[in-house]
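Report on one structure; see the data block that follows.
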């Protein structure tokens, strides 16, 4: 028992195999002077993509969407009152262009690989 405790103490007191790396500190600027000119408009036809028509008219009550105990059901607003980014949620996500690295597809592959490894590991633990 004494020999094993001294072995543990030796391992704990042993210097690290590699020196501890220094952490780089990034400095960020919150001023807008870094970019004095606005970005150029995207090259295209000049027309904004057409927004889909709303499924509800303005002022229509939406029963069942209230999440508060004593709250009233929300009421639909006019399409112009919603932010522009809301309408982009209906679009399909864009993948990588031809010749570019597709991070989303790679992440899916890695996740699937990890799931397979976990399932195999769990199976080996049960047998």
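In the numbering used here, the protein residues as written are 2 to 128. Cβ atoms here follow ideal geometry from the backbone N, Cα and C, with glycine treated the same way. For clarity, every value in this text was computed on a predicted model and none was experimentally measured.
Under the three-state DSSP convention, the category residue i falls into
i           : result
residue 129 : Not covered by the structure: residue 129. The range shown for the chain is 2 to 128.
residue 121 : helix
residue 85  : helix
residue 59  : coil
Option in the options with minimal Cα separation from residue i
i          : options             : result
residue 81 : 66, 105, 123 and 59 : 59
residue 53 : 97, 77, 92 and 124  : 92
Whole-angstrom distance between residue j and residue i, CA atom to CA atom
i           : j           : result
residue 95  : residue 85  : 18 Å
residue 66  : residue 73  : 9 Å
residue 104 : residue 88  : 24 Å
residue 69  : residue 78  : 19 Å
residue 1   : residue 109 : Residue coverage of the chain in this structure runs from 2 to 128, which leaves residue 1 outside it and unanswerable.
residue 98  : residue 90  : 20 Å
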